[in-house]
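For what it's worth, this note's numbering labels the leading residue of the sequence shown as 1061, then goes sequentially.
Worksheet: one structure, shown below.
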Amino acid sequence: MNRTPRHALIKKLQTSLPRGMPFDLATLERIGVSGQLAAHYAESGWLNRLGQGVYVFAGDTLSAHGAIKFLQTRVTGLHVAGRSALALQGVRHNLVAREALVLWGDVRFVLPVWFTSQFPSRYVSAKLFNWLDGTLGSKSLTTPPGVTDGLRVSVPERAVLELLYDVGTHQGLEEARNLFDGLRNLRKDVLSELLQSCTSIKAVRLFLTWARETNVVDVDALQKLYTLPVGGDKRWITRMKDGNLLSLKPYG
1061 MNRTPRHALI
1071 KKLQTSLPRG
1081 MPFDLATLER
1091 IGVSGQLAAH
1101 YAESGWLNRL
1111 GQGVYVFAGD
1121 TLSAHGAIKF
1131 LQTRVTGLHV
1141 AGRSALALQG
1151 VRHNLVAREA
1161 LVLWGDVRFV
1171 LPVWFTSQFP
1181 SRYVSAKLFN
1191 WLDGTLGSKS
1201 LTTPPGVTDG
1211 LRVSVPERAV
1221 LELLYDVGTH
1231 QGLEEARNLF
1241 DGLRNLRKDV
1251 LSELLQSCTS
1261 IKAVRLFLTW
1271 ARETNVVDVD
1281 ALQKLYTLPV
1291 GGDKRWITRM
1301 KDGNLLSLKP
1311 YG
């Protein structure tokens, strides 16, 4: 067997692919590495096999952001959401080591074991928005400064509604309120579009309640300018996972 071409391919792999990020067979094949050759490289100790058709360089340390960026190529709409998105943009409260990542996407998906075993995380595929503007879904995602290039992260206006959607199930009320208190300079045009598109009465009402209490936005002005999906004029009551009742008026 002629070893020179294979070693040349390994060098090409090492210079073509980023560190800290997995790669799949489709990526390898574009560089000239077949599935059979990838398996051989794994047996030879050049690559580590993470899962079916997914590899990483031997000895490489995966980064959470690099791994998420890889998953973005496989899951429609995958992005860092809710509490995790707010943390990447400076809104934090009582940071916990290895706090579970909150990821959202547009389709049902089970995060692979190779990812969850290294990065505790939770994936949500709830349809939180009926987009009134076809571009708002992509416009409400960003890559914050200092974050891996190309990583999709909810802007604060979207992230806070994702956070409030989780209240009472996966998100404690007290922590959510503390995070809400840390919000600053929300963009009213983006926020109004997201609120109008939101399908969760709980998230909208809870946002308006806390916004009125904190003056993060002028709730009365929003109410006058826009028709917000608050679900009627009666109180909205639900029992949270901890057994407590959450009671919300239409506009806070």
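Glycine is no exception: its CB is placed at the ideal position from the N, C-alpha and C atoms.
So, helix, strand or coil for residue i, using DSSP?
{"i": "ASP1084", "result": "strand"}
{"i": "ASN1049", "result": "For residue 1049 there is no data in the structure shown, the boundaries of the chain being 1061 and 1312."}
{"i": "ARG1168", "result": "coil"}
{"i": "TRP1296", "result": "strand"}
{"i": "GLN1231", "result": "strand"}
{"i": "THR1274", "result": "helix"}
{"i": "ARG1265", "result": "helix"}
{"i": "GLY1092", "result": "coil"}
{"i": "GLY1126", "result": "helix"}
{"i": "LEU1069", "result": "helix"}
{"i": "THR1075", "result": "helix"}
{"i": "LEU1131", "result": "helix"}
{"i": "HIS1153", "result": "coil"}
{"i": "VAL1162", "result": "strand"}
{"i": "THR1203", "result": "coil"}
{"i": "VAL1213", "result": "strand"}
Quick one: is residue i buried, meaning 16 or more other Cβ sit within 10 Å of its Cβ, or exposed?
{"i": "ILE1297", "result": "exposed"}
{"i": "LEU1103", "result": "The sequence shown places Glu at residue 1103, not Leu. Answer is exposed; the Cβ neighbour count stays below 16."}
{"i": "ARG1218", "result": "buried"}
{"i": "LEU1171", "result": "buried"}
{"i": "SER1198", "result": "exposed"}
{"i": "THR1202", "result": "buried"}
{"i": "SER1094", "result": "exposed"}
{"i": "PRO1180", "result": "exposed"}
{"i": "HIS1139", "result": "buried"}
{"i": "ASP1302", "result": "exposed"}
{"i": "TYR1183", "result": "buried"}
{"i": "ARG1143", "result": "buried"}
Assuming residue i is part of the beta strand (DSSP E), what are its boundary residues?
{"i": "TYR1115", "result": "1114-1117"}
{"i": "VAL1184", "result": "1181-1184"}
{"i": "ARG1218", "result": "Premise fails: ARG1218 lies in the alpha helix (DSSP H), 1216-1226, not in any beta strand (DSSP E)."}
{"i": "LEU1122", "result": "No beta strand (DSSP E) holds LEU1122; DSSP gives it neither H nor E."}
{"i": "SER1307", "result": "1305-1308"}
{"i": "ARG1109", "result": "1107-1111"}
Need the endpoints of the alpha helix (DSSP H) that residue i sits in, please.
{"i": "SER1257", "result": "1248-1257"}
{"i": "ARG1143", "result": "1142-1148"}
{"i": "GLY1095", "result": "1095-1103"}
{"i": "LEU1196", "result": "1196-1199"}
{"i": "LEU1285", "result": "1279-1285"}
{"i": "VAL1173", "result": "1173-1176"}
Are there three or more Cβ pairs, one per stretch, closer than 8 Å when the segment 1282-1292 is compared with the segment 1250-1268? The answer is yes - the segment 1250-1268 touches the segment 1282-1292, with three or more Cβ pairs under 8 Å.
Is there contact here, the segment 1162-1169 with the segment 1245-1259, by at least three beta-carbon pairs under 8 Å? Segments in contact, no.
Report yes or no: do the segment 1121-1135 and the segment 1221-1232 share at least 3 C-beta pairs separated by less than 8 Å? Three or more Cβ pairs closer than 8 Å define a contact, and the segment 1121-1135 falls short of that threshold against the segment 1221-1232.
Does the segment 1200-1216 come within contact of the segment 1232-1239, defined as at least 3 CB pairs closer than 8 Å? These segments do not touch.
Between the segment 1111-1125 and the segment 1076-1087, do three or more beta carbon pairs fall short of 8 Å? Touching, yes.
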